[in-house]
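Scroll down for the structure; my scribbles are underneath it.
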Amino acid sequence: KGVVHRICAGQVILDLSSAVKELVENSLDAGATSIEIVLKEYGQEWFQVIDNGCGISPNNFKVLALKHHTSKLADFHDLQSLATFGFRGEALSSLCALGDLTVETRTINESVATHLSYDHTGVLTSERKTARQVGTTVTVKKLFSNLPVRSKEFCRNIRKEYGKLISLLNAYALIAKGVRLVCTNAAGKSAKSVVLKTQGSNSLKDNIITVFGMSTFSCLEPVYVQLSNCCKVDGFLSKSGQGCGRSLGDRQFYFVNGRPVDMPKVSKLVNELYKGANSRQYPIAIMKFTVPTKECDVNVTPDKRKIFFSDESSILLALREGLQQIYSSSNA
Ligand code: ADP
Ligand code: MG
17 KGVVHRICAG QVILDLSSAV KELVENSLDA GATSIEIVLK EYGQEWFQVI DNGCGISPNN
77 FKVLALKHHT SKLADFHDLQ SLATFGFRGE ALSSLCALGD LTVETRTINE SVATHLSYDH
137 TGVLTSERKT ARQVGTTVTV KKLFSNLPVR SKEFCRNIRK EYGKLISLLN AYALIAKGVR
197 LVCTNAAGKS AKSVVLKTQG SNSLKDNIIT VFGMSTFSCL EPVYVQLSNC CKVDGFLSKS
257 GQGCGRSLGD RQFYFVNGRP VDMPKVSKLV NELYKGANSR QYPIAIMKFT VPTKECDVNV
317 TPDKRKIFFS DESSILLALR EGLQQIYSSS NA
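Here's what the structure looks like:
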């Protein structure tokens, strides 16, 4: 059973960034306005997500890390609406299977917090009182240490994994409104360094300025395209000739209904149209798709990173026309 569970877990938690992603999304689901991501050795030794969200109530302590335990799925139709980030109760159980999981949590109804440890099958193994503000801290030590092949790969690629994680955290820093994000890393003997720090502003514009700076923001122009009667996209894109991306897809962030997603086809289109307008540079693109789930069908892969529109070709066509129009009017 243990092996099967580990294999399945490996499908939700593919790497460092998907592990941290699940924890950050849990914090956002818990209504946190402050989320701190703490890494030791780029996450290789351990990582921790600290939030000031609603906390976990004691009646959930035992079941928290069991497979398919979730407090979020109200009924089956909720699977369609994707209102919360989590909905399958797989993240904590997967993290248990792949590393050493501990949780510290306190709700507003408790006067003290509780420290909880879980074994690799998600069973609660110890519980003690501790001091903490309302909120939750989840710590994962030695991710993948019980999957030798994955573990080796993880160590070998740690810089790349770390880069991917930072890019993902940038995506949340761009999209989250009113949420303070801090990420620190402590490597070797040096003191911990701040990797990312945002104040939790309330507009995409202010978030872009925080993450990339004013000079980068001034190279962007707003984008708005109605893609169909129910879908639209808005955001910012490099002005003609002012792309700052250093490589393909660098500094491109796509969101669907507020979640960071990979959209290779959209990215390809954006790069193609931009090149048509100018030069060898790649554009910065920060684009938010709004897709009412009742009308437009979306399908998600297990790690929730890839999203497919049911009516993809007509959406892409509408986007192409919209972007062409933006570039032709800004060239005029
Ligand atoms: P899901 O997010 O799909 O519900 P998870 O395995 O990610 O499943 O989390 C299991 C449950 O643990 C959640 O439904 C939630 O009740 C609780 N939980 C996890 N992280 C937090 C957090 N940071 N704050 C409050 N509750 C949390
Ligand atoms: Mg979750």
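Reading the sequence shown from the start, the letters are residues 17 to 348 in the UniProt record's numbering.
Even glycine gets a Cβ: it sits at the ideal position worked out from N, Cα and C.
- Fully contained in the stretch 168 to 208 are the following beta strand (DSSP E) runs of length 3 or more, in chain order: 196 to 202.
- Collapsing the DSSP output to three states places residue 299 in coil.
- Only residues of its own chain outside the window of five on either side were considered, and among them 70, 71, 150 have a CB closer than 8 Å to the CB of residue 124, listed in chain order.
- Collapsing the DSSP output to three states places residue 281 in a helix.
- Nearest neighbour of residue 132 by Cα position, chosen from 115, 153, 113, turns out to be 153.
- Between residue 271 and residue 191, the gap from beta carbon to beta carbon is short of 7 Å.
- Residue environment: residue 276 is assigned as buried (16 or more neighbouring CB atoms within 10 Å of its CB, all protein chains considered).
- Residue 268 sits in a strand when the DSSP states are folded into three classes.
- Cβ-Cβ separation between residue 42 and residue 107: approximately 7 Å, consistent with a contact (criterion under 8 Å).
- Your pair residue 109 and residue 82 checks out as a contact, with CB atoms roughly 6 Å apart and the cut at 8 Å.
- At least one heavy atom of the ligand MG lies closer than 6 Å to the C-beta of residue 42.
- For residue 38, there is no enclosing beta strand (DSSP E); the enclosing alpha helix (DSSP H) covers residues 32 to 45.
- Residue 53 sits in a strand when the DSSP states are folded into three classes.
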